[in-house]
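Here is the structure we will look at.
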DNA sequence: GCAAAAACTGCGATTCATCCGCAATCGCTT
DNA sequence: AAGCGATTGCGGATGAATCGCAGTTTTTGC
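Chains as they are written, first to last, in this note's numbering: chain V, 14 to 174; chain W, 14 to 174.
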């Protein structure tokens with residue numbers, strides 16, 4: 014992970030950050046390389062922050078010492094979503110969560126007890142969905158499949174990461 | 014469909030409505046037979062009102078001449094959901110929609126152009142989901158599967174792709 | 001049947017997630 | 001370095017859904 018030391022001039026930090034691969038994505042999306050965007054991208058790339066909500070991301074930014082406005086977090090997340098840099102999901106929590114977009118499509122298993130999210134993909138289900146859509150004369154654009162349940166292993170007594 | 018004429022005394026109307034089968038559900042749920050609940054149940058039983066939002070249901074009630082508060086509509090829908098009388102779904106519209114609960118589980122195909130909703134159920138997908146959950150040591154409680162796309166028949170005139 | 005108890009309703013105010021407007025600032029091209 | 005257009009941060013505005021409470025309606029006890 015890349016860290017900004019407080020005494021490094023912002024300009025140079027940005028410049029240094031600008032050459033990481035993540036920022037190629039920003040460029041390609043026509044987004045300027047700004048500190049909020051770079052920092053958010055950085056946090057989002059941390060596997061520990063997959064499926065994080067805007068609010069929670071905002072808090073993490075504060076923890077890391079970045080005073081980025083909540084509105085900006087929402088804006089940047091939307092831009093990243095539009096740019097295909099990350100994906101938005103609506104689990105049952107009522108708030109949207111985001112994950113870095115991966116090349117391979119996948120669906121989600123959500124533990125309602127510990128909030129753990131497991132990703133999976135199943136060719137049979139995918140194919141079946143296409144068939145169903147075709148049978149009903151619908152050109153599929155996307156779908157959402159969320160499986161909700163409870164872990165049956167004991168590591169799920171309370172929230173783990 | 015049952016209609017309330019404006020000049021019929023409310024008490025008698027309620028009494029008459031109280032013997033319809035839908036109200037057995039109210040009784041069983043421990044809910045009192047009241048005009049708002051009866052009227053909402055009545056509208057919800059109309060196939061044309063499947064997958065309707067609270068807001069839209071509220072408007073329909075006004076159209077039919079029932080001055081039922083929006084808060085009451087939300088409350089009643091929640092109670093009906095809790096009682097298993099109807100089911101709530103979250104499509105991508107951002108607002109929850111409701112449908113009369115049926116005995117057989119089904120999933121949904123949603124046309125993003127005309128908002129049409131098609132119900133389907135697929136044994137293969139269902140079984141597959143169970144297997145996946147089991148494989149990941151999760152006891153499944155429920156799931157949500159929504160397929161989004163665009164009608165390809167002309168009743169849904171559009172060339173958005 | 002009738003009055004009290006228990007539920008229910010309507011209204012406005014409130015919450016929660018998310019977004020907007022605008023003035024100040026920053027990144028990027030020249 | 002300079003200027004323009006994009007971006008940020010703030011507070012305020014949304015829209016969906018909920019809550020509190022006072023007044024009203026069902027149901028219950030007699």
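For every residue, glycine included, the Cβ atom is placed at its ideal position computed from N, Cα and C.
Taken atom to atom, the span from the alpha-carbon of residue 80 of chain W to that of residue 50 of chain W is near 12 Å. Comparing alpha carbon positions, the residue from V/150, V/135, V/147 closest to residue 143 of chain W is V/135. If the five residues before and after residue 153 of chain W are omitted, its C-beta is found closer than 6 Å to the C-beta atoms of 146, all from its own chain and listed in chain order. For residue 157 of chain W, the pairing in a beta bridge is given by DSSP as V/159. Residues of chain W with a Cβ closer than 7 Å to the Cβ of residue 137 of chain V are, in chain order, 137, 141.
One Cα belongs to residue 90 of chain W, the other to residue 46 of chain V, and the distance between them is close to 47 Å. For chain V, the residues of the segment 158-171 of chain W that bring a beta carbon within less than 7 Å of one of its beta carbons are 158, 159, 160, 161, 162, 163, 164, 165, 166, in chain order. The beta-bridge partner set that DSSP reports for residue 101 of chain V consists of V/111. From the beta-carbon of residue 115 of chain W, no residue of chain V is found nearer than 8 Å; the closest lies around 18 Å away.
DSSP places residue 151 of chain V in the strand class (E or B) of the three-state scheme. The CB of residue 155 of chain V comes closer than 9 Å to the CB of 160, 161, 162 in chain W, given here in chain order. Among the residues of chain W, those whose CB is under 8 Å from the CB of residue 146 of chain V are 122, 160, 162, following chain order.
For residue 105 of chain V, the number of other beta carbons within 10 angstroms of its own is below 16, and it is reported as exposed. Not a single C-beta of chain V is nearer than 8 Å to the C-beta of residue 108 of chain W. The three-state secondary structure of residue 68 of chain W, taken from DSSP, is helix. If you look at residue 55 of chain W, you'll find it in the alpha helix (DSSP H) that goes 48-58. Taking C-beta atoms as the reference points, residue 110 of chain W and residue 64 of chain W count as a pair closer than 8 Å. Minimum Cα-Cα distance from residue 83 of chain W among the listed residues W/72, W/167, W/155, W/132 corresponds to W/72.
Non-local beta-carbon contacts of residue 133 of chain V in its own chain, meaning distances under 8 Å to residues more than five positions away in sequence, involve 119, 120, 121, 122 in chain order. Among the residues of chain W, those whose CB is under 9 Å from the CB of residue 125 of chain V are 154, following chain order. Residue 61 of chain V sits exposed, since fewer than 16 C-beta atoms from the chains shown fall within 10 Å of its C-beta. With a contact defined as Cβ atoms closer than 8 Å, residue 108 of chain V and residue 66 of chain V qualify at about 5 Å. Secondary structure of residue 83 of chain V (DSSP, three-state): helix.
The beta carbon of residue 127 of chain W lies closer than 7 Å to those of 164, 169 in the same chain, with the five residues before and after it left out.
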